[in-house]
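**Q** Sharing a structure here in structure tokens format.
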Ligand SMILES: Cc1cc2nc3c(=O)[nH]c(=O)nc-3n(C[C@H](O)[C@H](O)[C@H](O)COP(=O)(O)OP(=O)(O)OC[C@H]3O[C@@H](n4cnc5c(N)ncnc54)[C@H](O)[C@@H]3O)c2cc1C
């Protein structure tokens with residue numbers, strides 16, 4: 001067997017917002033922390049993409065801070081300009097202010113990762129107990145050992161990882177964890193031949209009754225110099241058309257969006273979020289499924305459908321890990337009230 005490459009006190013799998021806040025909290029408490037993520041960039045679903053000179057946020061569209069802890073997390077990012085207010089929310093009364101990343105959403109994750117040891121393009125493929133430690137294997141043959149592990153991928157992916165590693169979740173907890181569910185979301189990123197017809201003071205809308213849940217003008221939003229829109233299909237449409245040819249599905253969504261676009265499409269890409277936003281989530285903000293050594297499951301599947309919820313789960317995971325001790329949750333799932 002290969003010698004472990006690296007030992008750390010806490011290993012966090014996932015550099016989305018939940019993993020990053022958990023890692024920062026653990027590091028602040030004095031632990032040596034390592035974060036592994038399979039993606040090429042930071043942020044998971046805080047995702048941005050470019051097509052030529054057009055820029056898109058294609059996962060989370062904006063952040064809102066309803067609780068004081070998340071507001072405090074965002075505060076330095078607002079001060080240094082990583083987050084700026086999206087003027088659409090200033091135009092809509094009685095809504096929490098919406099914050100967008102500058103130059104785009106993935107900058108927020110990059111900023112939260114500052115000072116952390118994050119290894120990107122490192123996909124965790126295996127996990128096993130090695131005495132008092134966890135041994136984490138990567139798809140490229142790397143091996144890491146850790147005194148404790150926090151898993152933050154979408155919950156079905158974390159459970160699959162545990163299953164394939166032969167690490168069992170306590171039987172009483174399994175049905176509750178398996179009840180956590182996510183909506184799929186097909187996203188279309190389209191570069192336009194000219195400015196869209198979306199209202200220029202708002203730049204985004206949530207149409208009703210059709211296949212589109214959300215459409216945002218990335219130029220009005222302030223992240224793209226070139227006219228470009230992000231379109232999110234509804235959960236129902238995404239589920240129904242998930243296995244169909246993505247280019248064709250993209251064309252259908254663009255046809256449905258035509259009244260708000262009013263101009264031709266220069267080019268487009270389609271992205272499918274298999275685990276978009278949780279539609280049912282666990283009522284505890286995280287759960288410990290292994291005690292000695294500790295293994296904690298966290299992420300938005302434990303918290304709710306917003307980045308702020310995912311962050312709360314990350315903080316809860318860090319607190320639970322630091323507290324140590326025994327016991328796992330026996331709570332059940334909640335559903336989104338819509
Ligand atoms: C289309 C869409 C629109 C949204 N809009 C909003 C919005 O406007 N406002 C809002 O607040 N929220 C929004 N959300 C929700 C928000 O993006 C998520 O709740 C939040 O980003 C989840 O963070 P997370 O850290 O729990 O998970 P993720 O961001 O998914 O992070 C998990 C990470 O784990 C990594 N990973 C997975 N498996 C492995 C592995 N085997 N090895 C290594 N790494 C692995 C992934 O690469 C990923 O980076 C939206 C989500 C989607 C999909």
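Numbering (the numbering used here), first residue to last: 1 to 338. Built from N, CA and C at the ideal position, the CB exists for glycine as well.
Quick check: what's the CA-CA separation for residue 103 versus residue 166?
**A** Roughly 42 Å separates the two Cα atoms.
**Q** Using 8 Å for Cβ pairs, my map puts residue 21 next to residue 118. What's the rounded Cβ distance?
**A** Contact doesn't hold; Cβ gap of about 13 Å is too wide.
**Q** Can you tell me whether DSSP reads residue 112 as helix, strand or coil?
**A** Three-state result, residue 112: helix.
**Q** If you follow the alpha helix (DSSP H) that residue 21 is in, where does it begin and where does it stop?
**A** Residue 21 -> alpha helix (DSSP H) spans 17-28.
**Q** With respect to 7 Å, is the separation between the Cβ of residue 306 and the closest non-hydrogen atom of ligand 1 below this value?
**A** Yes, the Cβ of residue 306 comes within 7 Å of a heavy atom of ligand 1.
**Q** If distances are taken between C-alpha atoms only, which option among 87, 139, 57, 99 comes closest to residue 106?
**A** Comparing Cα-Cα distances from residue 106 to each of 87, 139, 57, 99, the minimum goes to 57.
**Q** Under 8 Å, do residue 177 and residue 155 count as touching if we go by C-beta distance?
**A** Cβ atoms of residue 177 and residue 155: closer than 8 Å.
**Q** I want to check one thing, is the minimum distance from the CB of residue 59 to the heavy atoms of ligand 1 below 7 Å?
**A** True, at least one ligand heavy atom lies under 7 Å from that Cβ.
**Q** Confirm the yes/no value for this check: CB of residue 217, any heavy atom of ligand 1, distance under 7 Å.
**A** Because no heavy atom of ligand 1 lies under 7 Å away, the Cβ of residue 217 does not count as near it: no.
**Q** By alpha-carbon positions, which one of 282, 294, 293, 87 ends up nearest to residue 312?
**A** Comparing Cα-Cα distances from residue 312 to each of 282, 294, 293, 87, the minimum goes to 282.
**Q** Can you check whether the CB of residue 180 is closer than 8 Å to the CB of residue 278?
**A** Yes, the Cβ-Cβ distance between residue 278 and residue 180 is below 8 Å.
**Q** Which same chain residues end up closer than 6 Å to residue 7 when comparing Cβ atoms and leaving out the 5 residues on each side of it in sequence?
**A** For residue 7, where only same-chain residues beyond five positions count, the Cβ hits under 6 Å are 145.
**Q** Roughly how many angstroms separate the alpha carbons of residue 302 and residue 291, rounded to a whole number?
**A** Taking the straight line from one Cα to the other gives about 19 Å.
**Q** Flag residue 14 as yes when its Cβ comes closer than 7 Å to any non-hydrogen atom of ligand 2, and as no otherwise.
**A** Ligand 2 is absent from the structure shown, which contains only ligand 1.
**Q** In terms of residue numbering, what span does the alpha helix (DSSP H) encompassing residue 237 cover?
**A** Unbroken alpha helix (DSSP H) run through residue 237: 235-241.
**Q** For the putative contact between residue 131 and residue 314, defined by C-beta atoms under 8 Å, what is the C-beta separation to the nearest angstrom?
**A** The Cβ separation is near 27 Å, so there is no contact.
**Q** Ignore the nearest five residues each way along the sequence and tell me which others in residue 10's own chain have a CB closer than 6 Å to its CB.
**A** Counting only Cβ-Cβ distances below 6 Å, and skipping sequence neighbours, we find 26, 31, 33, 148.
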